[in-house]
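Residue numbers (my numbering): 25 to 809.
Note that beta-carbon positions come from the ideal geometry of N, C-alpha and C, so glycine has one too.
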C-alpha cells in the first residue's frame with residue numbers, strides 16, 4: 025500500500041494550495057504511469073478541498089470561487105476528473121454536507137460528480153454557483169478508468185439532465201439557468217453513454233429538449249407529405265462532408281445505386297473537400313449542394329429544395345454539431361437518421377431510425393423515440409473501393425516483435441471502446457493462453473485527433489500486471505494514410521478480438537477482409553449487435569458470444585486450436601468473395617430506398633402522429649419468394665416485363681441480394697429498355713448462382729444494349745465456354761461483330777451454329793451477312809495489294 029505524501033509546506037494558503045494542485049495535475053498528466061505522482065495529486069486536492077470548507081460565508085464575493093473553477097478546469101484537462109475516487113476521496117466526500125455551499129465547492133475539487141452519490145441537486149446549489157457546478161456535473165470523461173463507471177455515469181447523467189430540463193423549462197429567462205445550459209451545450213458529450221448496456225431513450229429525450237431550448241427552436245411548422253402518384257421521391261442526404269470518413273463510407277451505399285426512375289438524390293454538405301471520393305459521389309446524385317454558414321439559411325435551403333425525405337448521415341448522438349442543429353428543425357415531411365447515429369436521437373423532428381433485422385431485438389422499438397425501420401440483415405453496408413489506396417508497408421511477426429509460435433490476438437477497436445471491463449477480459453484471456461500477445465491499434469482518427477496515449481498504456485499495463493501478463497501488450501499508435509495499412513497490420517494476427525458492449529462494425533470489416541477469424545459479443549442494443557450481424561451474414565454464428573464468460577471461453581478455445589482457425593479463415597475468405605450484404609451497395613440501396621418509399625406512403629396514409637406512435641417496426645413486404653419468382657418469370661417470358669418489374673421492386677428491398685430476384689430484375693429491365701441498370705442486377709446474380717450459360721447470355725444481351733460491347737463479348741465468351749453450341753450466344757456475338765464491323769472474324773462460330781441449328785432462320789441470316797463481310801474483306805485486301 026502506498027502512503028499519500030504530505031502536502032508541500034509552501035501550500036499554506038488557499039492560493040498556495042490551489043497552486044499545488046495545478047502543478048501536481050501537470051505532473052500526473054505528463055506521467056500517468058507514476059502512481060506516486062497520482063497519490064501526491066490526491067493529497068493536494070483533499071488539502072485544498074478541506075481548506076475550502078472553512079471559508080466564511082462572505083467568501084462568495086471574493087476570488088476563491090473563480091479560482092476553484094480554474095482548478096476544476098485544469099483537473100479536467102489533465103484527465104484527473106476521469107478517474108475513480110480513491111478510498112481517501114470517498115471518505116472525505118462522505119464527511120461533507122451536501123447543502124453547504126462551501127462543501128459543495130470543495131467536492132468539485134476532489135472527484136468527478138458521478139463518484140459522489142450524495143452530491144446535491146441543482147435545487148440545493150446557490151444560483152451564483154450554477155455555472156461552475158454545471159461544468160462539474162456535466163463533465164464527460166474521455167475514458168473510464170474503473171470497472172462499473174459506465175453504468176454509474178449513465179445513471180448520474182440521466183438525473184442531472186432531468187434536473188436541468190426541469191429548471192430550463194420553468195425558468196428560461198434565468199441567468200443561472202442560461203449559464204448552465206451554455207455549459208451543457210459547450211461541453212456535453214454523449215459518447216460515454218454508449219458504453220452503458222441500459223436503454224438511453226430517456227437520456228436522449230431530455231437532451232433534445234435542452235438543445236431545443238439552447239438553440240431557441242420554437243414549435244415547428246409542419247411540412248405535409250404529398251402522395252407519390254408515380255412521381256420520383258425527392259430524397260436529400262445531409263452530411264457534414266462527403267470526404268474519406270466512416271460516415272461517408274456507410275452513407276454512400278444508401279444512395280449510390282438508388283433507381284433514378286424512382287428517386288431524385290440531392291446531397292447537402294456543410295463543406296466541400298475536393299477529394300476523389302467526393303467527386304465520385306457527386307456523380308451519383310441529381311444535385312450536390314453546399315449549405316450556407318448560418319443555421320437559419322441552412323434550414324431555408326433545405327425547405328426550398330422541396331424534399332419528400334431528408335436523411336441525416338452524420339452522427340447526431342455524440343456531440344453538438346451542425347447536422348444536429350439542423351435535425352432540430354422540420355425541413356421535409358419524412359425525416360430520417362441512418363446507422364451513423366449510434367442510438368435513438370430523442371429528437372422530436374426525426375420520424376424514422378433505419379436499422380437492420382439482425383441488429384435489433386424484439387423489444388427494440390421501446391428504446392427509440394423514432395419509428396423503427398428495418399432492412400433485412402445487417403444495418404450497415406460499406407463502399408471502401410472508390411478511394412482505395414495501396415498499402416504503404418507490410419508487417420511480419422518479426423517486425424511487430426512476436427515469435428512465430430506465439431498466439432497473436434489483434435484488435436483495432438477504438439480507444440473509447442477498450443473500457444476497463446474490456447481490459448480485464450483481454451487480460452484474463454492472455455493469462456489463459458501462455459506466451460500469447462495482444463496487438464491493438466486503438467487510435468483511429470475518425471473518432472478523435474487527440475488521444476491520451478500515455479494514459480491508455482499506463483492503465484492497461486496495470487491491469488495486465490494484476491493478471492501476471494506484463495509485457496503482453498503491443499500498442500500501435502501509428503497514423504496510417506489509409507485503412508489498407510491497418511489491414512496489413514491486422515493480417516499478422518491469429519485471432520481478432522472485437523470490443524463490447526459497444527462493438528465494432530467499420531473496424532470489423534478490416535480483419536474479415538483479411539480472413540482473420542473474429543470473435544464478437546452480441547448484447548441487446550444496436551451498438552452491441554453490429555458485429556454479430558456481420559458474422560451472421562457470413563454464416564458464422566459460432567464466432568458470436570452472448571456474455572463475457574462465453575466470449576473468454578470462445579477466444580481461448582480458438583487460440584488453442586490452429587486447425588480450427590485455419591478452417592474459419594478459409595470460410596471467411598470464401599464468404600467475403602461472394603458479395604455479402606454489408607459489402608453490396610446495390611442491395612443496400614434497394615433495401616434502403618424501398619424502406620423510404622414504404623415509410624413515406626404510410627406517412628401519407630395515416631399521418632405523422634399515427635406513424636410515429638406505432639411500435640411495429642416498418643419493413644418492406646413482398647409475396648413469398650417462390651410464389652414471387654414464379655409469377656415474375658412467367659411475366660418476363662410472355663413479354664409482360666412491366667408487370668414483372670412492378671412485382672420485383674418491393675422484392676429487391678424485401679429480399680436484398682437474392683440472386684434469383686436479381687436475375688429476373690435484370691431481364692425485366694433489359695426488356696423495358698433499361699439495360700444499364702439491368703446489367704447491374706445480372707452481374708450480381710452471376711456471382712451467386714451456379715455456372716449457367718443462359719444467364720451469361722442474358723448478361724451479354726443486357727451489356728450489348730447498354731453499349732458495353734467489350735464486356736458483352738466477354739460475357740458471350742463465358743457462355744460459350746460453358747456451352748459451345750449455344751445459338752443465342754453466337755447470335756449475340758454476331759450482333760456485336762456487326763456493330764463493330766468485324767463480322768469476318770466470327771466465321772468459325774457461325775459455321776458451328778450452322779452444324780447444329782441448320783434450320784434456324786436467324787443463323788441462316790447471320791451466315792449470309794458473315795459470308796458477304798468475308799468476301800468484302802477479301803476484295804479489299806486484293807485491291808490493296
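Through-space distance from residue j to residue i, alpha-carbon basis
{"i": "residue 197", "j": "residue 513", "result": "55 angstroms"}
{"i": "residue 9", "j": "residue 340", "result": "Outside the shown range of the chain (25 to 809) lies residue 9, about which nothing can therefore be said."}
{"i": "residue 321", "j": "residue 510", "result": "40 angstroms"}
{"i": "residue 49", "j": "residue 468", "result": "27 angstroms"}
{"i": "residue 235", "j": "residue 220", "result": "22 angstroms"}
{"i": "residue 44", "j": "residue 55", "result": "17 angstroms"}
{"i": "residue 462", "j": "residue 95", "result": "38 angstroms"}
{"i": "residue 724", "j": "residue 295", "result": "42 angstroms"}
Best match in the options for proximity to residue i [C-alpha to C-alpha]
{"i": "residue 401", "options": "385, 459, 390", "result": "385"}
{"i": "residue 745", "options": "579, 296, 718", "result": "718"}
{"i": "residue 63", "options": "96, 109, 365, 91", "result": "109"}
{"i": "residue 366", "options": "404, 307, 375", "result": "404"}
{"i": "residue 607", "options": "562, 282, 589", "result": "562"}
{"i": "residue 540", "options": "586, 191, 502, 147", "result": "586"}
{"i": "residue 529", "options": "542, 478, 447", "result": "542"}
{"i": "residue 762", "options": "389, 311, 796", "result": "796"}
{"i": "residue 616", "options": "269, 50, 397", "result": "397"}
{"i": "residue 74", "options": "228, 116, 39, 163", "result": "116"}
{"i": "residue 335", "options": "279, 721, 219", "result": "279"}
{"i": "residue 337", "options": "504, 317, 263", "result": "263"}
{"i": "residue 816", "options": "363, 368, 371, 370", "result": "Since the first residue of the chain shown is 25 and the last is 809, residue 816 is not available in this structure."}
{"i": "residue 343", "options": "184, 164, 595, 593", "result": "164"}
{"i": "residue 317", "options": "604, 346, 297, 303", "result": "346"}
{"i": "residue 628", "options": "439, 77, 375, 194", "result": "375"}
{"i": "residue 152", "options": "126, 162, 177", "result": "126"}
{"i": "residue 226", "options": "200, 187, 244", "result": "187"}
Backbone secondary structure at residue i - three-state DSSP
{"i": "residue 257", "result": "strand"}
{"i": "residue 461", "result": "strand"}
{"i": "residue 796", "result": "helix"}
{"i": "residue 556", "result": "helix"}
{"i": "residue 398", "result": "strand"}
{"i": "residue 545", "result": "strand"}
{"i": "residue 569", "result": "strand"}
{"i": "residue 521", "result": "strand"}
{"i": "residue 531", "result": "helix"}
{"i": "residue 318", "result": "coil"}
{"i": "residue 79", "result": "coil"}
{"i": "residue 392", "result": "coil"}
{"i": "residue 426", "result": "coil"}
{"i": "residue 432", "result": "strand"}
{"i": "residue 110", "result": "coil"}
{"i": "residue 26", "result": "With a pLDDT of only 36 at residue 26, under 50, the local geometry of the prediction cannot be trusted, and no value is derived from it."}
{"i": "residue 700", "result": "helix"}
{"i": "residue 296", "result": "coil"}
{"i": "residue 722", "result": "helix"}
Classification of residue i by the beta-carbon crowding that lies within 10 angstroms, buried from 16 upward
{"i": "residue 426", "result": "buried"}
{"i": "residue 699", "result": "buried"}
{"i": "residue 113", "result": "buried"}
{"i": "residue 119", "result": "exposed"}
{"i": "residue 134", "result": "buried"}
{"i": "residue 285", "result": "exposed"}
{"i": "residue 790", "result": "buried"}
{"i": "residue 66", "result": "buried"}
{"i": "residue 53", "result": "buried"}
{"i": "residue 333", "result": "buried"}
{"i": "residue 640", "result": "exposed"}
{"i": "residue 713", "result": "exposed"}
{"i": "residue 523", "result": "buried"}
{"i": "residue 703", "result": "buried"}
{"i": "residue 184", "result": "buried"}
is_contact[residue i, chain D] using C-beta, thresh 9 angstroms
{"i": "residue 484", "result": "Of the protein chains in this structure there is only one, and it is not chain D."}
What runs of the alpha helix (DSSP H), each 4 residues or longer, lie entirely inside the segment 438-516?
-> 444-456, 477-490, 507-514
Start-end ranges of the beta strand (DSSP E) lying completely within the segment 337-390, minimum 3 residues = 358-361, 376-380
Length at least 4, wholly inside the segment 595-670: the alpha helix (DSSP H) runs in chain order | Assignment of alpha helix (DSSP H) within the segment 595-670, counting only whole runs of 4 or more residues, yields 609-630, 632-637, 649-661 in chain order.
Whole alpha helix (DSSP H) elements within the segment 207-273, 4-residue minimum | 225-239
Would you list, in sequence order, the uninterrupted alpha helix (DSSP H) runs of no fewer than 4 residues that lie entirely inside the segment 745-804?
-> 751-764, 771-780
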